[in-house]
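**Student:** Residue numbers (the numbering used here): 494 to 627.
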């Protein structure tokens, strides 16, 4: 039975750490995300439907914590109420959605490719605000 005394953030961190240990990974880094990508691919088509939500939650916690560690992100809640990771005060990524999408679509939605794209996203200038919208 899960420990209900943990805060939501503590629960996320505990789940991420459990995945790190189960996959025998050294850190929350790009190399770990590459292993995660391979693990997700191995689960495609064989993951029982009854386990899917729990696996997405656990793997999403791990991917999100990699974003936090490597790109100095911060766990938070998006405008739509979803849990995700904010980066540079401009971006909000939902790691659970990213894991689910790769489970559904395969390598065309690779979490490793997404992770590798983050530095370029962070370098891009913020979009100009449209002044004609009121």
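All C-beta atoms, glycine included, are put in the ideal place defined by N, C-alpha and C.
1) In the DSSP assignment, what residue or residues form a beta bridge with residue 594?
2) Below 8 Å between beta carbons: does that hold for residue 552 and residue 580?
3) Taking all protein chains shown into account, decide if residue 556 is buried (16 or more other Cβ within 10 angstroms of its Cβ) or exposed.
4) Spell out whether any CB of chain B is found under 8 Å from the CB atom of residue 603.
5) What separation, rounded to the nearest whole angstrom, lies between the Cα atoms of residue 588 and residue 535?
6) Pull up the distance between the alpha-carbon of residue 619 and that of residue 506, whole angstroms please.
7) Terminal residues of the continuous beta strand (DSSP E) containing residue 510?
8) What are the boundary residues of the beta strand (DSSP E) that includes residue 567?
9) What are the boundary residues of the alpha helix (DSSP H) that residue 580 is part of?
10) For a quick check, are the C-beta atoms of residue 571 and residue 584 less than 8 Å apart?
**Tutor:** Answer, in terms of the structure:
1) Its beta-bridge partners do not exist; DSSP assigns none.
2) Taking 8 Å as the Cβ cut-off, residue 552 and residue 580 do not qualify as a contacting pair.
3) Label assigned to residue 556: buried.
4) Protein chain content of the structure displayed is limited to a single chain, and chain B is not contained in it.
5) Between the C-alpha atoms of residue 588 and residue 535 there is a straight-line separation of about 18 Å.
6) Here the alpha carbon of residue 619 sits roughly 30 Å from the alpha carbon of residue 506.
7) Unbroken run through residue 510 is the alpha helix (DSSP H), 501–515; no beta strand (DSSP E).
8) In the DSSP annotation of this structure, the continuous segment of the beta strand (DSSP E) that includes residue 567 starts and ends at 567–570.
9) Counting along the chain, residue 580 sits inside no alpha helix (DSSP H); it lies in the beta strand (DSSP E) bounded by residues 576–580.
10) No, Cβ-Cβ distance for residue 571 and residue 584 is not below 8 Å.
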